[in-house]
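Participant: For reference, the structure I am asking about is given below.
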Amino acid sequence: MTDNTKVIEIIKAMAGIIHENAQFLTDLDAPIGDNDHGINMDRGFRKVLEDLPGLEGKDIGAILKKVGMDLVSTVGGSSGPLYGTAFMKAGAVAAGKNEIDANDFIAIMDAALGGVQLRGKAEKGEKTMVDAMIPAIEAMKKGVEEGKAPGEFLKDGVAAAKEGVEYTKTIIATKGRASYVGERSIGHQDPGATSFTFVLEAIAAAY
Amino acid sequence: MVGIVIVSHSKKLAEGVVELSRLIAGECPMVAAGGLDDGGFGTSYEKIEEAINSVYSDDGVAVIMDLGSSCMTTEMVIESMEGKKVEMIDCPMVEGAAAAAAEAESGSTLEEVKKAAMEAAGESKF
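Line by line, the protein sequences are chains A and B.
Following the working numbering from start to finish, the first sequence increments by one per residue and tops out at 207.
Following the working numbering from start to finish, the second sequence increments by one per residue and tops out at 1126.
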C-alpha cells in the first residue's frame, strides 16, 4: 500500500490541507471551544514539516512517532496530546517497517483511535474527533475485507468521516472544551472531527 | 520537600497562582508552567517538563492543572518520566495550590500534599 517515502509525502499533504483550512478550523472552534484549533494544528504541522527532511530513509514507525512527538510539543491545545498520542501509537504498530499493506494500515488506524480514546477518555457520541474516526475506520475495514483497492476504501473512509462530522452537529458536547457550552453546542460541527477528516482526505488524495 | 508545579493555558494565571501561594507558603519549591513558549495561550510539553525537573527531589512533585489539555499534556510528560515520583492532583487550582503549598512546607509526604489539595475541593467559601 505504501512505503516510507510515500508516508513522508502523505504527511506533507496533511500539513498542507491543515494549513489551507487553519482559519476554517479555528472559526469552527470559536463558538464552542477556545478559538484556536486551526492555529494550533497548523503550528504543530509547521514543526512537522521542518523535521520531515531528517526523517527520510527512516522506517514508518519512526516517522509516525516523530510526527506525534512534534505535535505534542508544539500544538499547545488538546489536539496536541490527542493527535500526538494517535501518531505515537500508530508508530508503535509500524515500528521497524519500511512498507505497509492495507491490513497494516487498518491496524495503524485502530491504534491511533485507541490512542485518542486512551488520552481523551472519549466514547462515541460525545461530539469529538472520535465520532469521525470510528465510522471512518469501520468503513475502511469493510472495504479492505471486500478486497477493495486503497483508493476505494479510503474514499469510503472519508465519506464516513464526513457523515460523522455531520452527526456531531446534532449532538451535545459532553467531552472537551465544548462541554462548557452544553446545549448551545448543537448545530455546530466538531472541529476535531473536521480536522481528522482533513487528515484522512490527505491520505486518500495519495491514491 | 515536595515540589509543586502549576500548569495553566495562561502564563499570567499560572504565575499568579504561584505568587498567591507563596504568600501562604514561601518556602515551598513552587513553579509556574503557563502558556506557550511565545507567551500565547496553550500548554507546553517542554515548559511542564522543565518545571517538574526544576522542583524535583526524592520527595516528589505535585502538579496542579487548569482545563483540558493541561491535564492531557501533563499526563504525557509524566508518562515519559518513568520511575519519577510525580503526581497530578485533581483539585481546584487556586485553593488546591494554596493547600498543597502549605502542606508541603510543613514537610508532609506527596500523599499528604495530594490529600490536602483534594480536600480543598469540598470546602465552601462562605
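Ideal Cβ positions, reconstructed from N, Cα and C, are used throughout, including at glycine.
These numbers were taken from a predicted model, which means no experiment stands behind them.
Tell me, please, whether the CB atom of residue 1008 (chain B) is closer than 9 Å to any CB atom in chain A?
Facilitator: Taking the second sequence and counting its residues from 1, the one referred to as residue 1008 (chain B) is at position 8. No, residue 1008 (chain B) does not count as interfacial toward chain A.
Participant: Output the residue ranges of the alpha helix (DSSP H) runs that lie fully inside the region 22-94 of chain A and measure 4 residues or longer, sorted by chain position.
Facilitator: 22-32, 37-51, 60-74 and 79-93
Participant: Have a look at A:129, A:47, A:102 and A:178 and flag the residue whose alpha-carbon is nearest the alpha-carbon of residue 115 (chain A).
Facilitator: Taking the first sequence and counting its residues from 1, one reaches residue 115 (chain A) at position 115. Answer by Cα proximity: A:129.
Participant: Strictly below 8 Å CB to CB, what residues from chain B border residue 177 (chain A)?
Facilitator: If you number the first sequence from 1, residue 177 (chain A) lands on position 177. Within chain B, the residues near residue 177 (chain A) are 1067 and 1068.
Participant: When burial is assigned at 16 or more other CB atoms within 10 Å of the CB, is residue 1126 (chain B) buried or exposed?
Facilitator: On the second sequence, position 126 is the one that residue 1126 (chain B) refers to. Classification for residue 1126 (chain B): exposed.
Participant: Taking its Cβ as the centre, do 16 or more other Cβ atoms sit within 10 Å of residue 193 (chain A), making it buried, or is it exposed?
Facilitator: Here residue 193 (chain A) corresponds to residue number 193 of the first sequence, with the count starting at 1. Burial call: buried.
Participant: Counting only C-beta atoms, is residue 81 (chain A) closer than 9 Å to chain D at any point?
Facilitator: No chain D is part of this structure, whose protein chains are labelled A and B.
Participant: Classify residue 1023 (chain B) as buried or exposed, calling it buried when 16 or more other Cβ atoms lie within 10 Å of its own Cβ.
Facilitator: Within the second sequence, residue 1023 (chain B) is the residue found at index 23, counting from 1. So residue 1023 (chain B) ends up on the exposed side.
Participant: On a Cα-Cα basis, can you pick out the residue from A:79, A:56 and A:131 that is closest to residue 98 (chain A)?
Facilitator: Here the question's residue 98 (chain A) lines up with position 98 in the first sequence. Comparing Cα-Cα distances from residue 98 (chain A) to each of A:79, A:56 and A:131, the minimum goes to A:56.
Participant: Please tell me whether residue 27 (chain A) has its Cβ less than 9 Å away from any Cβ of chain B.
Facilitator: Within the first sequence, residue 27 (chain A) is the residue found at index 27, counting from 1. Output row for residue 27 (chain A): interface = no.
Participant: So the alpha helix (DSSP H) residue 1087 (chain B) belongs to, where does it begin and stop?
Facilitator: Locating residue 1087 (chain B) in the second sequence gives position 87, counting from the first residue. First-last for residue 1087 (chain B): 1086-1089, but that is the beta strand (DSSP E), not the alpha helix (DSSP H).
Participant: Strictly by DSSP, which residues pair up with residue 99 (chain A)?
Facilitator: Taking the first residue of the first sequence as position 1, residue 99 (chain A) is located at position 99. A:3, per the DSSP bridge assignment.
Participant: Since residue 256 (chain A) meets chain B, which of its residues come closer than 9 Å, beta carbon to beta carbon?
Facilitator: The structure shown has nothing for residue 256 (chain A), since chain A only spans 1 to 207.
Participant: Below 8 Å on the Cβ atoms is my contact criterion, and I expect residue 1017 (chain B) with residue 1049 (chain B) to pass it. Report the Cβ-Cβ distance as a whole number of Å.
Facilitator: Within the second sequence, numbered from 1, the residue matching residue 1017 (chain B) stands at position 17. Within the second sequence, numbered from 1, the residue matching residue 1049 (chain B) stands at position 49. Incorrect: roughly 19 Å between the Cβ atoms, too far for contact.
Participant: Is the beta carbon of residue 118 (chain A) closer than 9 Å to that of residue 94 (chain A)?
Facilitator: Numbered from its first residue, the first sequence carries residue 94 (chain A) at position 94. Numbered from its first residue, the first sequence carries residue 118 (chain A) at position 118. Taking C-beta atoms as the reference points, residue 94 (chain A) and residue 118 (chain A) fail to come closer than 9 Å.
Participant: Run through chain B and tell me which residues come within less than 7 Å of residue 78 (chain A), C-beta to C-beta.
Facilitator: Looking up residue 78 (chain A) in the first sequence gives position 78. The contacting residues are 1068, 1069 and 1072.
Participant: Counting only runs that start and end within the region 1074-1121 of chain B, where is the beta strand (DSSP E) found for 3 or more residues in a row?
Facilitator: Runs of the beta strand (DSSP E) inside the region 1074-1121 of chain B: 1086-1089.
Participant: Would you please verify whether the beta carbon of residue 1041 (chain B) is less than 9 Å from any beta carbon of chain A?
Facilitator: Within the second sequence, numbered from 1, the residue matching residue 1041 (chain B) stands at position 41. Yes, because at least one Cβ of chain A sits closer than 9 Å to the Cβ of residue 1041 (chain B).
Participant: When the cut-off is 9 Å and only beta carbons count, does residue 1044 (chain B) lie next to chain A?
Facilitator: As a first step, residue 1044 (chain B) must be located in the second sequence, where it is residue number 44. Answer yes: the Cβ-Cβ gap between residue 1044 (chain B) and chain A drops below 9 Å somewhere.
Participant: Under a Cβ-count criterion, where at least 16 other Cβ atoms within 10 Å of its own Cβ denotes burial, should residue 61 (chain A) be classed as buried or exposed?
Facilitator: Locating residue 61 (chain A) in the first sequence gives position 61, counting from the first residue. Per the 10 Å Cβ criterion, buried.
Participant: Return the bridge partner residues of residue 1062 (chain B) from the DSSP annotation.
Facilitator: Position 62 of the second sequence, counted from the start, is the residue given in the question as residue 1062 (chain B). Answer is B:1004 and B:1087, bridged to residue 1062 (chain B).
Participant: Assuming residue 171 (chain A) and residue 120 (chain A) are in contact, meaning their beta carbons sit under 8 Å apart, how far apart are those beta carbons, in whole angstroms?
Facilitator: By one-based count along the first sequence, residue 171 (chain A) stands at place 171. By one-based count along the first sequence, residue 120 (chain A) stands at place 120. Wrong, their Cβ atoms sit about 16 Å apart, outside the cutoff.
Participant: Rounded to whole angstroms, how far is the Cβ of residue 136 (chain A) from the Cβ of residue 151 (chain A), which I believe are closer than 8 Å?
Facilitator: As a first step, residue 136 (chain A) must be located in the first sequence, where it is residue number 136. As a first step, residue 151 (chain A) must be located in the first sequence, where it is residue number 151. Actually they are not in contact, since the Cβ atoms of residue 136 (chain A) and residue 151 (chain A) sit about 15 Å apart, beyond 8 Å.
Participant: Helix, strand or coil: which one does DSSP assign to residue 1032 (chain B)?
Facilitator: In the second sequence, the residue the question calls residue 1032 (chain B) occupies position 32. DSSP places residue 1032 (chain B) in strand when its eight states are reduced to three.
Participant: So what does DSSP say about residue 128 (chain A), is it helix, strand or coil?
Facilitator: On the first sequence, residue 128 (chain A) is found 128 positions in, with the first residue counted as 1. Correct three-state label for residue 128 (chain A): coil.
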